[in-house]
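Chemist: Heads up, the final residue of the sequence shown is numbered 84 in the working numbering, and it's a clean run with no missing numbers.
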Amino acid sequence: MTQQAVNKYCKINNFPTQNVQSIFYNTKKDFSAYLAYKLICGRNSFSGRDSSLSKPNFDHLGSDEFCWQSFTEKRV
């Protein structure tokens, strides 16, 4: 939904777009450490759901693809 709105705005205003990827950690094996850090810091306390490393319940974060390793693999 957000991507569609941005694309529409850019098209109307003749702005170029570029696909990007959010990067939160270095390698895919760092994913569990990243989840542990977010749990320890209470970054999902707004959700009102129980969470653990096996089921962290972080909205929009159910993949280990948010890493530098994944980004470089896609660019090869």
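Each residue gets a CB set at the ideal place from its N, CA and C atoms; glycine is no exception.
Being a predicted model, the structure only gives us computed values, none of them experimental.
With burial defined as no fewer than 16 other Cβ atoms inside 10 Å of the residue's Cβ, what is the status of Cys49: buried or exposed?
Modeler: So Cys49 ends up on the exposed side.
Chemist: Tell whether a beta-carbon distance below 8 Å holds between Cys18 and Thr10.
Modeler: no
Chemist: Between which two residues does the alpha helix (DSSP H) containing Val14 stretch?
Modeler: Thr10 to Ile20
Chemist: Are Cys75 and Tyr33 touching if we call contact CB-CB under 8 Å?
Modeler: yes
Chemist: Would you list the residues sitting across from Cys75 in a DSSP beta bridge?
Modeler: Tyr33
Chemist: So for Thr25, helix, strand or coil by DSSP?
Modeler: coil
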